[in-house]
Amino acid sequence: MAGRSAEHGAPDRDAGARHSADYQPAARSVCLPASRSRAGFARCRAMNEGEIVAGLLSADEQLMSAGDKGAFDASAEAGDPVAPVAAVSPLGSNAWPDETPVFTRTSLDSLLIWAFRLGASDIRIATNRRVFIHFHGRLLPVTTRGLTDMEVEEAVNRLYSADGAARLKGGEDFDVSYELMPDRRSRMRFRVNATAILSRGDDGAAIVARTLPSIAPSLTDLKVEPAILAAYRPRDGIVIVAGGTGNGKSTLLAGMTRSMLEDPNSHRAILEFSSPIEFVFDDVPGSSAVLEPSEVPRHIPNFAAGIRNAMRRTPSVIIVGECRDDETITAAVDAAITQHAVYTTIHASRLADTLQRVISLCPDGKRRALTVSFAQSLRLIVNQRLVASTDGRRTPIREFLVFDDKLRRRFLDADPERWPALAQDTVEEGIHGQSFGVAIKRARDEGRITADEAHARLKELGYAD
Numbered sequence: 003m004a005g006r007s008a009e010h011g012a013p014d015r016d017a018g019a020r021h022s023a024d025y026q027p028a029a030r031s032v033c034l035p036a037s038r039s040r041a042g043f044a045r046c047r048a049m050n051e052g053e054i055v056a057g058l059l060s061a062d063e064q065l066m067s068a069g070d071k072g073a074f075d076a077s078a079e080a081g082d083p084v085a086p087v088a089a090v091s092p093l094g095s096n097a098w099p100d101e102t103p104v105f106t107r108t109s110l111d112s113l114l115i116w117a118f119r120l121g122a123s124d125i126r127i128a129t130n131r132r133v134f135i136h137f138h139g140r141l142l143p144v145t146t147r148g149l150t151d152m153e154v155e156e157a158v159n160r161l162y163s164a165d166g167a168a169r170l171k172g173g174e175d176f177d178v179s180y181e182l183m184p185d186r187r188s189r190m191r192f193r194v195n196a197t198a199i200l201s202r203g204d205d206g207a208a209i210v211a212r213t214l215p216s217i218a219p220s221l222t223d224l225k226v227e228p229a230i231l232a233a234y235r236p237r238d239g240i241v242i243v244a245g246g247t248g249n250g251k252s253t254l255l256a257g258m259t260r261s262m263l264e265d266p267n268s269h270r271a272i273l274e275f276s277s278p279i280e281f282v283f284d285d286v287p288g289s290s291a292v293l294e295p296s297e298v299p300r301h302i303p304n305f306a307a308g309i310r311n312a313m314r315r316t317p318s319v320i321i322v323g324e325c326r327d328d329e330t331i332t333a334a335v336d337a338a339i340t341q342h343a344v345y346t347t348i349h350a351s352r353l354a355d356t357l358q359r360v361i362s363l364c365p366d367g368k369r370r371a372l373t374v375s376f377a378q379s380l381r382l383i384v385n386q387r388l389v390a391s392t393d394g395r396r397t398p399i400r401e402f403l404v405f406d407d408k409l410r411r412r413f414l415d416a417d418p419e420r421w422p423a424l425a426q427d428t429v430e431e432g433i434h435g436q437s438f439g440v441a442i443k444r445a446r447d448e449g450r451i452t453a454d455e456a457h458a459r460l461k462e463l464g465y466a467d
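Counting from 3, one number per residue, gives the positions in the sequence shown under the numbering used here.
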């Protein structure tokens, strides 16, 4: 198995040192503990996805219905490495079947592989705390003890490089993509953030590793509405996918990218700038479209520099991983008004918040001119949330506006400070898009979410049931 940190682009220097005393050099499981790897993977492969979900939800409900919210031993939660606890997780007393007495670099790879195969969305590792995973909206502990400072530092250095822990102690954080290949046919990718934290009154580290699908889901898989399908591929202008952290913005944008690549009549040159690159499309057949991805800051210093670089490469489409500062929004608008299609994401929970966020990113001295250019180039805004579904997973609901000439003129005639309210009023009309209220009721009527879940989400967003 090869471990690779994408920020550095070369195999980990310890990748060749796999045949230590506690690891077998077996061709298909060289990174797993010799005494448990085959059994652990046999169990994982034997359980189909439905069985895993049903087992987790059943165990979780039993634990919570028993009122045993305090069952997680306090000393283990604080990170005592010598006091494993029993029955700490709805997954079982030893949820990660290959947990080792010492958490090594190879243990990290084994954990990530197990969580990826299980279907976890995130793996959370921190100093003096047990390992947790996000599983369909639930946060579950999967180890019986907390990890020591040295163990977490070792994991940080594995994911980044030998100076990863030192970098965190110097006040920096880092974002990288990390890739594992447990065998010749399997490829597992993770988006990783590592940040320094305070733990037990001393410096520690926290790692969040997000699992990335081997291939982006299709727009059909994502249940994208017909009105979005008709509008998401403009010849020029700006398409924004917005939402909170962990609500599938990048996945939806990747689905759009996949669709453009698979279309035999696409004829698009697509340039992507992401930090890090989350989805790879090497196995997506593209007969009339090409994708050239660059990672920020590995290949290009920042998003704005990426857009400026793209303008010299005759692209049809420019994908910007996130608009997070004034320089990026300025460059994105410049690209859009010069006949390029620009796709980006913004952290904002509703349409009104998305436009407020854009306005706040426009520099004071250029705000009026930039907002006018932005309104002229706007084509589509989609805000997405993931809510609990009837199958124990999560399903998307979307609020969106499709901007035609008439709607753009309405925004151009209004003061930008009124845009958030205008957007919310317009989406509630239902002529140019769909509100969250309509989306939630539709998901309920389709049986994707329960009546209770619909009621809770409608109340949260201020809608009548």
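For each residue, glycine too, the CB sits at the ideal point set by N, CA and C. Every value quoted in this text rests on a predicted model; they were computed, and no experiment measured them.
Candidates MET152, GLU181, ILE451: closest to ARG395 by CA position: Here residue 395 refers to the residue found at position 393 of the sequence shown. ARG395 has its Cα closest to that of ILE451, out of MET152, GLU181, ILE451.
Whole-angstrom distance between ILE240 and VAL335, CA atom to CA atom: Counting from one through the sequence shown, the residue named residue 335 turns up at place 333. Counting from one through the sequence shown, the residue named residue 240 turns up at place 238. VAL335 and ILE240: Cα-Cα distance of roughly 8 Å.
Distance, GLN426 Cα to ILE127 Cα: Residue numbering aside, residue 127 sits at position 125 when the sequence shown is read from its first letter. Residue numbering aside, residue 426 sits at position 424 when the sequence shown is read from its first letter. Roughly 39 Å between the two C-alpha positions.
Contact belief for VAL322 with THR330 at Cβ below 8 Å, rounded distance in angstroms: Along the sequence shown, one-based indexing puts residue 322 at 320. Along the sequence shown, one-based indexing puts residue 330 at 328. That belief holds up - the Cβ atoms of VAL322 and THR330 are roughly 7 Å apart, short of 8 Å.
Exposure of THR108, with buried meaning 16 or more beta-carbon neighbours within 10 Å: Numbered from its first residue, the sequence shown carries residue 108 at position 106. Buried, since its Cβ has 16 or more Cβ neighbours within 10 Å.
Coarse secondary structure for ASP177, derived from DSSP in three states: The residue given as residue 177 occupies position 175 in the sequence shown. In this structure, ASP177 counts as strand in the three-state DSSP scheme.
GLN386, enclosing alpha helix (DSSP H) - first and last residue: By one-based count along the sequence shown, residue 386 stands at place 384. First-last for GLN386: 380-390, but that is the beta strand (DSSP E), not the alpha helix (DSSP H).
Helix, strand or coil at PRO2 [DSSP, three-state]: The question about residue 2 has no answer, for the chain in this structure spans 3 to 467.
Closer than 7 Å: ASP427 CB and nearest the ligand NAP heavy atom: Among the components modelled here there is no ligand, and therefore nothing to report on the ligand NAP.
Simplified DSSP assignment, three categories, for ILE272: Position 270 of the sequence shown, counted from the first residue, corresponds to residue 272. Note: ILE272 maps to strand in three-state DSSP.
Three-state secondary structure (DSSP) of ILE339: Along the sequence shown, read from residue 1 onward, the residue named residue 339 stands at position 337. Looking at ILE339 - three-state DSSP - the assignment turns out to be coil, as it is neither helix nor strand.
Closest residue to LEU161 among THR197, VAL440, ALA218, SER362 (Cα-Cα distance): Residue 161 sits at position 159 when you count from the first residue of the sequence shown. Residue THR197 is the option with its Cα nearest to LEU161.
Span separating the alpha-carbon of THR340 from that of GLU448: Locating residue 340 in the sequence shown gives position 338, counting from the first residue. Locating residue 448 in the sequence shown gives position 446, counting from the first residue. Each residue's alpha carbon lies about 42 Å from the other.
Residue of ALA354, PHE283, PRO299, VAL292 minimising C-alpha distance to VAL429: Position 427 of the sequence shown, counted from the first residue, corresponds to residue 429. Per the Cα distances, ALA354.
Range of the contiguous alpha helix (DSSP H) that encloses PRO303: As a first step, residue 303 must be located in the sequence shown, where it is residue number 301. Here PRO303 belongs to no alpha helix (DSSP H), and DSSP marks it neither H nor E.
GLY308 (DSSP reduced to helix, strand or coil): The count along the sequence shown starts at 1 and reaches residue 308 at position 306. Here GLY308 sits in helix by DSSP.
Sequence ranges, alpha helix (DSSP H) only - wholly within the segment 191-276, length at least 4: 228-231, 251-264
From ALA232, SER123, LYS171, ALA271, residue whose alpha carbon lies closest to that of LEU141: Stepping through the sequence shown from its first residue, residue 141 is reached at position 139. Of the listed residues, the one whose Cα sits closest to LEU141 is SER123.
N- and C-terminal bounds of the alpha helix (DSSP H) containing LEU161: Against the sequence shown, residue 161 aligns to sequence position 159. Note, LEU161: alpha helix (DSSP H), 151-161.
Nearest-angstrom Cα separation, counted from GLY439 out to ARG187: One-based indexing of the sequence shown puts residue 187 at position 185. One-based indexing of the sequence shown puts residue 439 at position 437. Rounded to the nearest angstrom, the two C-alpha atoms are 44 Å apart.
Beta-carbon proximity check, GLY308 vs PHE275, cutoff 8 Å: Taking the first residue of the sequence shown as 1, we reach residue 308 at position 306. Taking the first residue of the sequence shown as 1, we reach residue 275 at position 273. Result yes, Cβ atoms of GLY308 and PHE275 sit closer than 8 Å.
Inter-stretch contact (C-beta, 8 Å, three-pair minimum) for the segment 310-324 and the segment 264-273: yes
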